[in-house]
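K.L.:
This is the structure I have questions about; it appears just below.
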Amino acid sequence: MFRHMELAAVPPNAFTFAGIIAACSSSGHPQGLQAGRQLHARVFKFALEHDTSVCNALVDFYSKSSARLLDLVHAFNATDTPNVVSWTAFISGLARHGRDEDAFAAFAEMRASGVQPNSFTVSTLLKGCTSSQCFVNAAKIHAYVLKTSLQSLDVSVGNSLVDLYSRFARMDGAWTVATSMALVRDSFTYTSLAKGLNQVGLPNKALEMIVHMFQEGVHVDSFSLACFLSAAATLPSIEPGMQLHCCSVKLGLSSQVSVSNSLINMYSKHKCLEDAKSVLQSIREPSVVSWNALISGLASNGSYYEALSVFEDMTLGGAQPDAITFSIVLHACTHGGLVDIGINHFNSMRKHFGVSPQRSHYTLFLDMLGRAGRLAEAACTIEAMPIQPDLSMYRNLLAFCELHNDLVVGENVARKALELYPSDTVFQNMLSGICGAAWKHDRGVHVHSMKSDAAISFDVSTSSMR
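Here the numbering used here = 1-based position in the sequence shown + 14.
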């Protein structure tokens, strides 16, 4: 429509640009950023670069669409008279970029400039608080909220405070805020409380929140029910989980994927694997999370062959495994002693599924080879890795060399590790143990004292080992 408008020679005004820029920020299209930049350039053509509504749209656009912080800052600085919308979009953008301290500083500057924050400003700022250092500033925001009575009047502010205290395991504070929200508590309030209580190891208390919800007539949605099922999964008895399963059917939520995934996890944790498989079969289109939950449940209960069989069903059904899937598969192969199968799956990650092996996958792969005594293959893998091996990889591999009494690979691994980490005392002690009495007796290896550069040389009385 904007292009048709241009072809019709109808000049756009500030409201036109504000609307079309907002469309770019909310489209989620890969070309949205490029289109927004082009519109930004056209804003100058019509001398609207300082219009408040246009600037607000640009601040919001760069906040959501651009990875460059300077784009956001420049758009905000172009606003001659920032209003509450301008400041809120700017604070939201700073929070998205992980600039918590700057977001709180902008909030203070906003108030100093005479612009009063609204409930959306406060809730946005609180949701963006992620570091422990920022929790102190968040407590000050709470004081401001109490002073202005926003907490008791606005559910988004109250819920943001409950979520904030729950995330930082301050459950007394979360409960205090929740009880002061007598008129506006909703499912998000109780879900945040349940999640926080479960994280601090109080699953029974977490499940009590659903009782409060029923007593107050608060709607139980799929997200809150999934949270309660996660709490039930940690209990010694399966009874609460089964009751929640019945509750999901009664409320018409059993077909929700998030609820089904939580049910699979809950039944797996209680070793009810047939029930877990039954839940997966009831899902019309299982997500990768659904498959991962069942594969993980089977592997964690020692059903390694069945876990790999479900993985095959997953791929044959057209589901795309992700990095987590392959971590679970490699774990199953490692503990099930299925080394050759594990090697095939590891090699298929990038080749067949486009999943690049990460450091965690290499760690699992090396552990699998080391446990099986296939140390030469492990040594070749650690040399060919596209990422630099960390110290723990070398330590584990060297420990397997000692376990399987493989001096040849052990020496080569030790030399390479010492080139990369010459001053690590833990590794040096481990190496001394490996090159101790047994190796010196059998191979005549003598470990020289460390030089000032922490290098170690080996004096081998027999022929040099490679």
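We put the beta carbon where it would ideally sit given N, CA and C, even for glycine.
#1: Please classify F118: does DSSP put it in a helix, a strand, or coil?
#2: How would you label P96, buried or exposed, when you count the other beta carbons within 10 angstroms and need 16 or more for buried?
#3: Figure out for me which residue from M223, A157, G215, C347 has the closest Cα to the Cα of S201.
#4: Starting from L83 and walking both ways along the alpha helix (DSSP H), at which residues does that stretch end?
#5: Measuring only the C-alpha atoms, how far is S106 from N70?
#6: With distances taken between CB atoms, is the gap from A333 to A321 smaller than 8 Å?
#7: Identify which residue in N27, R181, N173, F118 has its Cα closest to the Cα of A481.
#8: How far does the alpha helix (DSSP H) with S406 in it extend, from its first residue to its last?
#9: Rank E425, L239, A247 by C-alpha distance to the C-alpha of K285 and give the top, closest one.
#10: Starting from T205, follow the alpha helix (DSSP H) in both directions and report where the run begins and ends.
#11: Below 8 Å CB to CB, which residues in the same chain sit around S463 once its five sequence neighbours on both sides are set aside?
#12: Is the distance from the Cβ of K209 to the Cβ of S180 below 8 Å?
#13: Considering only C-alpha positions, which residue in the set I357, P300, G350, D354 is nearest to P335?
#14: Let me know the secondary structure DSSP gives P250 once reduced to three states.
#15: Three-state secondary structure (DSSP) at C143?
#16: Tell me which same chain residues have a C-beta within less than 6 Å of the C-beta of K283, skipping the five on either side of it?
#17: How many angstroms separate the CA atom of M19 from the CA atom of S39?
#18: With a threshold of 6 Å on Cβ separation, who are the neighbours of G311 within its own chain once the five nearest residues in sequence on each side are excluded?
#19: So, is L277 buried or exposed, given that buried needs 16 or more other C-beta atoms within 10 angstroms?
#20: Give the DSSP-derived three-state secondary structure of Y281 in the structure shown.
#21: Is C347 helix, strand or coil by DSSP?
P.N.:
Let's see:
#1: Reading the sequence shown from its first residue, position 104 is the one you call residue 118. Reduced to three states, the DSSP call for F118 is helix.
#2: By 1-based counting over the sequence shown, the position of residue 96 is 82. It is buried - the Cβ of P96 has at least 16 other Cβ atoms within 10 Å.
#3: Taking the first residue of the sequence shown as 1, we reach residue 201 at position 187. For the residues M223, A157, G215, C347, the minimum Cα distance to S201 belongs to M223.
#4: Against the sequence shown, residue 83 aligns to sequence position 69. Counting along the chain, the alpha helix (DSSP H) containing L83 begins and ends at 83 to 91.
#5: Taking the sequence shown and counting its residues from 1, one reaches residue 106 at position 92. Taking the sequence shown and counting its residues from 1, one reaches residue 70 at position 56. Taken atom to atom, the span from the alpha-carbon of S106 to that of N70 is near 12 Å.
#6: As a first step, residue 333 must be located in the sequence shown, where it is residue number 319. As a first step, residue 321 must be located in the sequence shown, where it is residue number 307. Taking 8 Å as the cut-off, the beta carbon of A333 is found no closer than this to the beta carbon of A321.
#7: Summary: the structure shown does not reach residue 481, with the chain confined to residues 15 through 480, and so no result is reported for it.
#8: To locate residue 406, count along the sequence shown from 1; it is residue 392. Looking at the DSSP string, the run of the alpha helix (DSSP H) that includes S406 is 405 to 417.
#9: On the sequence shown, residue 285 is found 271 positions in, with the first residue counted as 1. Distance from the Cα of K285 is smallest, within the candidate group E425, L239, A247, for A247.
#10: Taking the first residue of the sequence shown as position 1, residue 205 is located at position 191. Per DSSP, the unbroken alpha helix (DSSP H) holding T205 starts and ends at 201 to 213.
#11: Here residue 463 corresponds to residue number 449 of the sequence shown, with the count starting at 1. Summary for S463: the model assigns pLDDT 40, below 50, so the residue's position carries little reliability; its value from the coordinates is reported in the next sentence. Here the set comprises nothing.
#12: Walking along the sequence shown from the start, residue 209 turns up at place 195. Walking along the sequence shown from the start, residue 180 turns up at place 166. Closer than 8 Å, so yes.
#13: Here residue 335 refers to the residue found at position 321 of the sequence shown. For the options I357, P300, G350, D354, the alpha carbon positioned closest to that of P335 is the one of P300.
#14: For the purposes of this step, residue 250 is identified with residue 236 of the sequence shown, where counting begins at 1. Residue state, collapsed to three classes: coil.
#15: For the purposes of this step, residue 143 is identified with residue 129 of the sequence shown, where counting begins at 1. It is coil, neither helix nor strand.
#16: Counting from one through the sequence shown, the residue named residue 283 turns up at place 269. The residues are A247.
#17: Along the sequence shown, one-based indexing puts residue 19 at 5. Along the sequence shown, one-based indexing puts residue 39 at 25. The alpha-carbon atoms of M19 and S39 are separated by roughly 20 Å.
#18: Taking the first residue of the sequence shown as position 1, residue 311 is located at position 297. If we look at G311 and ignore the five residues flanking it on each side, its Cβ neighbours are S282, A290.
#19: Here residue 277 refers to the residue found at position 263 of the sequence shown. Buried: at least 16 other Cβ atoms inside 10 Å.
#20: Counting from 1 along the sequence shown, the entry for residue 281 is found at position 267. Residue state, collapsed to three classes: helix.
#21: In the sequence shown, residue 347 corresponds to position 333, counting from 1. Residue state, collapsed to three classes: helix.
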